[in-house]
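Per our numbering, the sequence shown starts with residue 4, numbered consecutively.
For each residue, glycine too, the CB sits at the ideal point set by N, CA and C.
Here the structure is a predicted model, which is why all the values come from computation and not from measurement.
Step one of this worksheet: look at the structure below.
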Amino acid sequence: MSNLKSKQYYEDQYDRRTVEICRGLLSEEVDIEKYRKEAKGKDIEESEMIRALVVTKNLHIYYTKGDRYVHREETIKRWIQSDEARDRLLEEAEPPEDITCHTCGRLMFVSSKHLNIGMNDDDTVLFFYDCPLDHLPRRAFFNTGEEFQHKTPTCPKCHSELKEVRQKETEKIVIEQTCSSCDYTNIEDFDFGSKPEEVEDPHFAKDRQEFCLSEKDGQEYIRSTEQIMRMGHLFDEIKEKEKNKDLYDAVAKLKKLKILELEEYLVPLLEKAGYIKLQFKEPDVTKDVFLPFIVYEQKSDREGRASTYELECLLRKALKETNWRLVTDGVSYRLGMLEGRLHGYDREEDLLKLVSKKK
């Protein structure tokens, strides 16, 4: 028997659960006395309180319906994939070989197989083996190779072992249990042919229409909740900016220089200090922007460490109120040529960190 059903079956199952949940929420009684005590002394009229409770309850149901709609297709798809996988497992599982009868030692044959549904999708297939001479006991093995061990039942009265007699009919197994130590007996019928009658729910169609959102209403719910989330993010952003107003003000005051503007800004300052012919190399642009540069020493009496130190001090001071910084490895010097890298900041979060470090 296939585990996979029609898509309509899964849709009905999901919607029945949605109806059950919403019916439960609708039938919940509000504890008026509890809210009367909470509202006592707060100058709240009882009619207003009840109205607010009703609105809250209706909102709870509305968002539950919406949430069920959002996850409906994904859940149904997962159910279908799970049952498809179980059918493949039942079809493709290989029975363990060389299983022998405990009575006569002959090889037993597979008489039937059944899907054994485990926890966390840990499903297995259970194979039943019969002796060609109908000797008992029958044996059963999982497709993993592990033998199924039948637990001996005990008497609920005296806890002695029960003796079981099984009678197999066409689509039915009758198990009679008797206790040799007391008068306990028990008979159980397992009918594999008949299915339990489903009790018809006369109000399901009406409630399904009320609690299971249509495509149009479901999409409207998604749009409205996304809008509420955007408004919530905007409100959080406004609060965060108010809390860190001094940092945002500091970012606003920075000179946000582009590369050409940076060159125009630095050249006069460098030439005045005796550093000439500023050249920018190809920028290294990844998440951040790093700009290599070369400049030449004009003063003949300044070289080596003195030249690099004065240039580093000049650049750090000049860039202090801009969105650029000299990288931490500083400047190198060879034969009057000085090389270094500048780090440019353009994203707001990076500029906030920059002014935060400054503070």
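- In the structure shown, the three-state DSSP call for Pro271 is helix.
- Counting along the chain, Ala253 sits inside the alpha helix (DSSP H) bounded by residues 248–256.
- Boundaries of the beta strand (DSSP E) around Ile297: 292–300.
- Distance check between Pro98 and each of Lys116, Cys182, His236, Lys323 places Lys116 closest, using alpha-carbon atoms only.
- By the CB criterion at 8 Å, Phe145 and Leu165 fall outside the cutoff.
- Under the DSSP assignment, Ile279 falls in the beta strand (DSSP E) whose first and last residues are 278–283.
- With fewer than 16 other CB atoms across the displayed protein chains lying within 10 angstroms of its CB, Arg109 is exposed.
- In chain order, Thr127, Leu129 place their CB closer than 6 Å to the CB of Asn119, counting only its own chain and leaving out the 5 sequence neighbours on each side.
- Residue state for Gly343 is assigned as strand, using DSSP reduced to three classes.
- Excluding residues up to 5 positions away in sequence, Asp86 lie with their Cβ nearer than 8 Å to the Cβ of Lys8 in the same chain.
- In the DSSP secondary-structure assignment, Trp327 is bridged to Gly347.
- Residue burial annotation: Ser227 is exposed, with fewer than 16 other C-beta atoms found within 10 angstroms of its C-beta.
- Taking C-beta separations shorter than 6 Å and ignoring five residues to either side along the sequence, the partners of Cys104 in its chain run Met111, Cys134, His138, following chain order.
- In this structure, Phe151 lies away from Arg141, with their beta-carbon atoms at least 8 Å apart.
- Between the segment 302–322 and the segment 340–350, the count of C-beta pairs closer than 8 Å reaches three or more; the two stretches touch.
- Collapsing the DSSP output to three states places Leu314 in a helix.
- Within the model, the alpha-carbon separation for Asp192 versus Thr181 is close to 15 Å.
- Distance from Thr67 to Leu28 at the Cβ level is roughly 6 Å; contact confirmed, criterion being Cβ atoms closer than 8 Å.
- Within the same chain, Lys10, Tyr13, Glu14, Tyr17 come within 8 Å of Ile79 by CB-CB distance, once the 5 residues on both sides are set aside.
- Looking at the backbone, the Cα of Leu355 and that of Tyr251 are separated by about 7 Å.
- Boundaries of the beta strand (DSSP E) harbouring Leu118: 112–119, taken from the DSSP string.
- For the options Lys302, Ser184, Lys242, Ile102, the alpha carbon positioned closest to that of Ser114 is the one of Ile102.
- Per the coordinates, the alpha-carbon of Cys215 lies some 21 Å from the alpha-carbon of Val202.
- Ranking Trp82, Cys107, Thr106 by CA distance to the CA of Asp124 puts Trp82 first.
- A distance of 8 Å or more separates the beta carbons of Val292 and Leu281.
- Spatial neighbours of Val358 in its own chain (CB-CB distance under 8 Å, excluding positions within 5 residues in sequence) are listed in chain order as Leu250, Ala253, Val254, Leu257.
- In this structure Pro156 does not touch Tyr187 by the C-beta definition: roughly 11 Å separates them, more than the 8 Å allowed.
- In the DSSP assignment, Thr127 falls within the beta strand (DSSP E) that extends over 127–133.
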